[in-house]
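*Asks:* Just dropping this structure here.
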Amino acid sequence: MSIPEQFYQVLSIADQSFDQQQTERYRLSVRIAADGISFCIADPDRNTYTQLASYENSAFRGGRRLEKDVVEEMFENVVSLYPWLKGDFASVNILFEDSRYTLLPIPLFDLNSYQSVYKYNFTNTTGEEVFYNAVPVSDVVLIYGIPSGLVDSLKKRYPNARFFHGNIPLLTTFINKYRNAGNQGLLLANFRNGAMDILILNERKLKL
């Protein structure tokens, strides 16, 4: 099946050991952003990745906001090329890459009010649902918004899916790698298509 011209392949790698008839053996991770979609398949039995693919939307013009209709269309384009993505998987992690997120120290986090913190920090939050992820190696919670109904739409396809902000792996890896290094004032600049993240680690704690 062909896909729209504005949605093009950047990378596609497949290991011959991958068995598309037994998707329940594998772990699926999907990265969803305004500029495209990427996914990888991990085989826990062999401790290796068996599939890696990335597709970009050439209609992307720098806006980092996710749109439900655009995401669903991109996802359907990918599934049309890899029909086995409709199968069941041992686990499914879906990461949303969106520029609007905020960090809150755990002592200030409240399940009853974290949505208000997000709406205080950002304007025009109409049509968004607010979610949070605790950063495993730090004492902060990352709060972010995505289009209303997008999680429900993805849950219909993958009932066991877990959802994260795309910067959770970045934060976790950076803090975990350097928090015991004894260095002072470490800075990480992460460049993305149309955006940049800056992280500062000082005295073994995330400062910014």
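Numbering that gives the first Met the number 0 numbers the first residue of the sequence shown as 0 and each following residue consecutively. The beta-carbon is built from N, C-alpha and C at its ideal position, and this holds for glycine as well. All values derive from a computational prediction rather than experimental measurement.
(1) So for Thr172, helix, strand or coil by DSSP?
(2) Taking the DSSP output, what are the residues bridged to Arg178?
(3) Three Cβ pairs or more, each shorter than 8 Å: is that satisfied between the region 138 to 146 and the region 113 to 120?
(4) What residue range is occupied by the uninterrupted beta strand (DSSP E) comprising Phe190?
(5) What whole-angstrom Cβ distance do Val9 and Ser53 have, given they're in contact under 8 Å?
(6) Which one of Asp34, Ile93, Asn179 and Ser28 has the shortest CA to CA distance from Tyr7?
(7) Report the residue from Arg64, Ser112, Phe162 and Asn189 whose alpha carbon sits nearest the alpha carbon of Thr124.
(8) State whether the region 149 to 156 contacts the region 173 to 193, with contact taken as three or more CB pairs (one from each stretch) at a distance under 8 Å.
*Replies:* With the structure as the only source:
(1) helix
(2) According to DSSP, which records beta bridges pairwise, Arg178 is partnered with nothing at all.
(3) yes
(4) Leu185 to Arg191
(5) 4 Å
(6) Asp34
(7) Arg64
(8) no
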